[in-house]
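Residue 1676 in our numbering sits at position 265 of the sequence shown; the count goes up by one each step and never skips.
Glycine is no exception: its CB is placed at the ideal position from the N, C-alpha and C atoms.
Step one of this worksheet: look at the structure below.
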Amino acid sequence: MKKIFTYLAAALTMIMATGCFSSTEALLPNISGKAGEVIIAMDRENWEGDLGAAVRDLLGGDCPYLVQKEPLFSLVNVSPTGFSDLFKVHRNIVFFDVNSNVQNPGVSYKSDIWARPQCFIQISANDPESMLKLFNENSQNIANAIEQAERDRIISNAKHYPEVGVADAVREMVGGSPSFPSGYKLKKKTEDFIWIADDKQYSIQGIFIYKYPAAENDNFSEEAIVSHRNRFLEANVPGMFENTWMTTSTFITPSVEFMKFRSRQFAQARGFWEVQNDFMGGPFVSHSFYSPDGKEIVVVEGWVYAPKYDKRQYLRQVEAIVYSFEWDEKNKSAE
C-alpha cells in the first residue's frame, strides 16, 4: 500500500511538472454575455452624471460606417456593490473604483480574471472629478482594449474551426492568408483576385483579396485605394442584373488611417459599397499593405450585406478576419 501511494505521488508530480493542473486557467469557466456587450460597474450617481455620460458617449456611441445607428458596444450598468459572481464571468468588464482610500490612481488592463477569454479594465481614482479626467485621458486605449478582445475571440474561433482549403488558395496567390472560420467558401479566383464569402439566406459576409503592382509613391492615399478597388470590383463582382457591379459609394467619403498591428503595417480604409445601377449596399473595411518584397500592394477587405439585420457584429466578424492575416513563415522573415 505504501508503494502504491508513492507511485501515485510520483505520477501526480510528473503531471504537474508537464503542465497539467499547473495553472488556474484550466479551472476558469467560459465567459458569459453577448458579443459586443460590456459590463460597466459604476454606482448610480456617477452613471447618471458626467462620468456616465462620458462612458456612454465613448463606448455606447454610434458604430462608424453603418447605415442604421448601432452602438459601438452594448452597455449594461451594474452597481459595484451588486457586482456578484453572475457578472464576474462576463466577457468584458470595466470597473470604476471611486474611493478616497485609493493609493494608486490609474487604469489597469487584465485578462482572464474570473473567466476566459475575459477583458477586465479597472479604473481607480479618489473622486468623481479625478475619475472623469482619468477616463477621458485614457478613453481611446480603453475602447481599443475592448475592441481587440472582441476581435481576438473571433480570430481564435476561426483558428479552432477553420474552413479547410480556403486559406490555401489565398496563400498560393499572395504568400499569406487570413484565418477563415467554417462556412466561408471560395466563390472566385483569378491570378490577382479572390472572392470568399459566407452566404446565408438573408446575409452575406464577404472577403476580397487582390494585388497589383506598387507605384513609386502615393500607394495609400484615399484616391489610390478607391481607384484600384473600383477597378477590381467592376471586373470581378457583378450585380444581380445586367450592367450592374459592386463599387465604392460616393455618398460618404471613405476614411483612411495608417495602422500597425502585430508587426504588420497597413492603410485601413472604411466606407460603404454599393451596386452600380441598383440599390444594394453596405459597409466595408480594407487593409492595404506592401508585399514582403515591396513590389506589390496586397489588399484584404471584408464587407457585409444584411438588409434585414443589425450589422455591427457582422462587420466586426469580417473585420477580425481581415486583421487575422498572417504571412507564411518564409515571407515573415522577408518582410
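Please list, in chain order, all residues of the same chain as residue i whose beta carbon is under 6 Å from its beta carbon, the five residues on each side excluded.
| i | result |
| --- | --- |
| Pro-1440 | Val-1500 and Ala-1526 |
| Phe-1498 | Ile-1450 and Val-1489 |
| Asp-1721 | Glu-1481 |
| Ser-1735 | Ile-1566, Pro-1589 and Ser-1590 |
| Ser-1702 | Val-1709 |
| Glu-1634 | none |
| Asp-1689 | Gly-1650 and Thr-1655 |
| Val-1478 | none |
| Phe-1484 | Gly-1447, Val-1449 and Leu-1470 |
| Leu-1719 | Sequence check: residue 1719 is Lys here, not Leu. Tyr-1613. |
Could you give the distance in angstroms between the alpha-carbon of residue i and the alpha-carbon of residue j?
| i | j | result |
| --- | --- | --- |
| Trp-1738 | Gln-1724 | 26 Å |
| Asp-1468 | Asn-1654 | 43 Å |
| Ile-1732 | Asn-1512 | 44 Å |
| Ser-1699 | Glu-1668 | 11 Å |
| Asn-1647 | Arg-1564 | 32 Å |
| Pro-1694 | Tyr-1572 | 25 Å |
| Leu-1486 | Glu-1448 | 6 Å |
| Ala-1717 | Arg-1642 | 24 Å |
| Ile-1615 | Val-1686 | 14 Å |
| Pro-1592 | Gln-1728 | 10 Å |
| Arg-1640 | Lys-1706 | 18 Å |
| Val-1711 | Val-1581 | 10 Å |
| Glu-1456 | Ala-1560 | 29 Å |
| Ser-1632 | Phe-1652 | 32 Å |
| Phe-1546 | Thr-1492 | 21 Å |
| Glu-1627 | Tyr-1613 | 43 Å |
| Gln-1676 | Glu-1730 | 16 Å |
| Gly-1472 | Leu-1726 | 16 Å |
| Gly-1463 | Glu-1740 | 46 Å |
Between the options, which has its C-alpha nearest residue i's C-alpha?
| i | options | result |
| --- | --- | --- |
| Tyr-1476 | Ala-1608, Val-1710, Ile-1732 and Ser-1666 | Ser-1666 |
| Ser-1535 | Phe-1507, Asn-1555 and Ile-1553 | Phe-1507 |
| Lys-1600 | Lys-1622, Ser-1593 and Tyr-1613 | Lys-1622 |
| Ile-1605 | Val-1487, Gly-1617 and Ser-1632 | Gly-1617 |
| Gly-1713 | Asp-1689, Trp-1684 and Met-1691 | Trp-1684 |
| Val-1505 | Leu-1470, Pro-1516, Asn-1515 and Pro-1528 | Leu-1470 |
| Ala-1452 | Phe-1531, Lys-1445 and Leu-1483 | Phe-1531 |
| Ile-1663 | Met-1670, Ala-1678, Gly-1692 and Gln-1676 | Gly-1692 |
| Leu-1443 | Thr-1658, Arg-1502, Arg-1562 and Lys-1570 | The question names Leu, yet the displayed sequence has Ser at residue 1443. Closest by alpha carbon: Arg-1502. |
| Ser-1519 | Ser-1550, Lys-1671 and Thr-1492 | Ser-1550 |
| Asn-1630 | Asp-1473, Ala-1678 and Pro-1649 | Ala-1678 |
| Ser-1638 | Asn-1628, Glu-1627, Asn-1515 and Thr-1659 | Thr-1659 |
| Glu-1645 | Ile-1636, Leu-1545 and Met-1657 | Met-1657 |
| Asp-1454 | Asp-1523, Asn-1510, Phe-1484 and Lys-1671 | Asn-1510 |
| Asp-1523 | Leu-1438, Ala-1626, Ala-1446 and Asn-1515 | Leu-1438 |
| Val-1466 | Ile-1553, Thr-1661 and Lys-1445 | Ile-1553 |
So what does residue i bridge to, in DSSP terms?
| i | result |
| --- | --- |
| Trp-1656 | Pro-1649 and Gln-1687 |
| Arg-1675 | Phe-1672 |
| Gln-1616 | Asp-1609 and Val-1715 |
| Asp-1508 | Ser-1535 |
| Pro-1694 | Phe-1683 |
| Glu-1707 | Pro-1624 |
| Asp-1473 | Pro-1482 |
| Tyr-1520 | Ile-1532 |
| Leu-1597 | Ile-1607 |
Taking only three categories from DSSP, how would you classify residue i?
| i | result |
| --- | --- |
| Gln-1529 | coil |
| Val-1575 | coil |
| Phe-1498 | helix |
| Asp-1563 | helix |
| Phe-1432 | Residue placement at Phe-1432 is flagged as unreliable, the pLDDT there being 36, under the threshold of 50; the coordinate-derived value follows with that caveat. Coil. |
| Ala-1554 | helix |
| Asn-1515 | coil |
| Pro-1491 | helix |
| Gly-1587 | strand |
| Phe-1631 | coil |
| Tyr-1621 | strand |
| Ile-1732 | helix |
| Ala-1446 | coil |
| Glu-1602 | coil |
| Asn-1742 | helix |
| Ser-1699 | strand |
| Asn-1503 | strand |
| Ile-1663 | coil |
Output needed for residue i: all residues of its chain with C-beta closer than 8 Å, excluding positions within five of it in sequence on either side, in chain order.
| i | result |
| --- | --- |
| Ser-1434 | Confidence at Ser-1434 is low in this model, with a pLDDT of 48, below 50, so the placement of that residue should be treated as unreliable; the coordinate-derived value is given next. Contacts found: none. |
| Lys-1596 | Glu-1574, Val-1577, Ile-1607, Ala-1608, Asp-1609 and Asp-1610 |
| Met-1584 | Lys-1600, Glu-1602, Asp-1603, Ile-1605, Ile-1620 and Lys-1622 |
| Gly-1594 | Glu-1574 and Asp-1609 |
| Asp-1461 | Pro-1539 and Leu-1543 |
| Pro-1624 | Lys-1706, Glu-1707 and Ile-1708 |
Who are the near neighbours of residue i in its chain, counting only those whose CB is closer than 7 Å to its CB and skipping five residues on each side?
| i | result |
| --- | --- |
| Arg-1681 | Pro-1475, Tyr-1476, Pro-1665, Ser-1666 and Val-1696 |
| Asn-1742 | Gly-1586, Gly-1587 and Pro-1703 |
| Ala-1569 | Ser-1590, Phe-1591, Pro-1592, Ile-1732 and Ser-1735 |
State yes or no: is the beta carbon of residue i nearer than 9 Å to at least one beta carbon in chain B?
| i | result |
| --- | --- |
| Phe-1619 | In the structure shown, chain B does not exist; there is a single protein chain. |
Does the ligand GDP have even one heavy atom less than 8 Å from the beta-carbon of residue i?
| i | result |
| --- | --- |
| Ala-1731 | Absence of the ligand GDP is noted for the structure shown, with no ligands found whatsoever. |
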